[in-house]
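Colleague: Pasting a structure here, questions to come.
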Amino acid sequence: MTEIVLALIVVVAGIVVIMGLMPVGMKAHSEAMAQSNAADSAEQFLHYVRSEVRADWAFINAFPDSKPGPNDGPLLDGGVGVAAASAADMIWSSDDLLPGAAAKISFSAMNLDDDWDPEFHTSGVFRVQQMTGEKVDFSAGMLAWKTGAAYNDDADEAMSFFINVEVSWPITVDYAARDQAMFMIEVFKPQRTDMAQFTGGKICTMIDLAAGTSIEGQGVIDEALIVTASTATGVALLQGQEPFLFTAPNSGN
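Using our numbering, read the sequence shown as starting at 7 and increasing by one per residue.
And the structure:
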């Protein structure tokens, strides 16, 4: 009888310990998922920024030169921004910067149906939502700003910036009480170079890496890599197009 009682005590004690550890494990899992969602959202956003900057360097002006406030609104006439009392009082656009992506990113807007305009919506304040169907699994604030302008010796205009992104969650609590994670990427102003400097003015063959088709001609490229001394060979990013592989005859003849 004593053995049975002792066995029951051990079993009950084990159950109590397991039940006590379950909330800790669930909290750790929840925190890990939130960190993963934050990193995934920031990565998608930063890749979007890099793509837009490649297409139009002026897009860099959509981001302020210093970290914005978490509740800053878009700039009004005269350049005066309006800060909401809390995230709950913010107006978030119905326009999604990354349609079709896992993360839905809205921007601080004057009106719900505002379309994204990088010349006007320059507060650098965004909202991130990760959703399963209509259910919001993760909701966070996102602040984005640029720093560290770098200049060439002979250029007055900045040639590169760091884009900083801070993700803070959950957005439903005061900013000071949120968890936070920082992310950063460096973006460069596209350098447009006449392909003739690599081809000696000769006709080159460009192979569309995406379509697998060949095009003969010349053009203006944004970036070139792996250019050899004897034969112009490399990867080119033609403005507004997919990467091309280009080759040309010996440019020294």
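For each residue, glycine too, the CB sits at the ideal point set by N, CA and C.
The structure presented is a predicted model; accordingly, all values stated were derived computationally and were not measured.
Between the alpha carbons of Ile97 and Phe132, how many angstroms are there, rounded?
Modeller: One C-alpha to the other measures close to 10 angstroms.
Colleague: Please check the pair Ser174 and Ala146, which I expect to be a contact at CB under 8 angstroms, by giving their CB distance rounded to whole angstroms.
Modeller: Sure, about 6 angstroms apart at Cβ, within 8 angstroms.
Colleague: In three-state terms, what does DSSP make of Ser47?
Modeller: helix
Colleague: At 3 residues or longer, what runs of the beta strand (DSSP E) sit wholly inside the region 107-159?
Modeller: 109-113, 131-138, 141-156
Colleague: Consult DSSP for Asp95 and reduce its assignment to one of helix, strand or coil.
Modeller: Residue state, collapsed to three classes: helix.
Colleague: Within its chain, find whatever has a CB closer than 8 angstroms to the CB of Glu49; leave out the 5 residues flanking it on each side and keep chain order.
Modeller: Phe189
Colleague: List the whole-angstrom C-beta distance separating Asn77 from Phe144, where the pair is believed to meet the contact cut-off of C-beta under 8 angstroms.
Modeller: Their Cβ separation, rounded to whole angstroms, is 20 angstroms, which puts Asn77 and Phe144 out of contact at 8 angstroms.
Colleague: Span of the beta strand (DSSP E) holding Val193?
Modeller: DSSP places Val193 inside the beta strand (DSSP E), whose first and last residues are 185-194.
Colleague: For Gln186, count the other beta carbons within 10 Å of its own beta carbon; 16 or more makes it buried, fewer makes it exposed. Which is it?
Modeller: exposed
Colleague: In the DSSP assignment, find the unbroken beta strand (DSSP E) run with Ser167 in it and report its ends.
Modeller: Looking at the sequence provided, one finds Phe at residue 167 rather than Ser. Phe167 -> beta strand (DSSP E) spans 166-175.
Colleague: Check whether the Cβ atoms of Ala61 and His127 lie closer than 8 angstroms to each other.
Modeller: no
Colleague: Out of Phe194, Ser99, Ser100, state which residue places its alpha-carbon closest to the alpha-carbon of Thr153.
Modeller: The shortest C-alpha separation from Thr153 is found at Phe194.
Colleague: Express the C-alpha separation of Glu140 and Ile169 in angstroms, rounding to a whole number.
Modeller: 31 angstroms
Colleague: Would you kindly work out how many angstroms separate the C-alpha atoms of Ser166 and Arg56, rounded to a whole number?
Modeller: 11 angstroms
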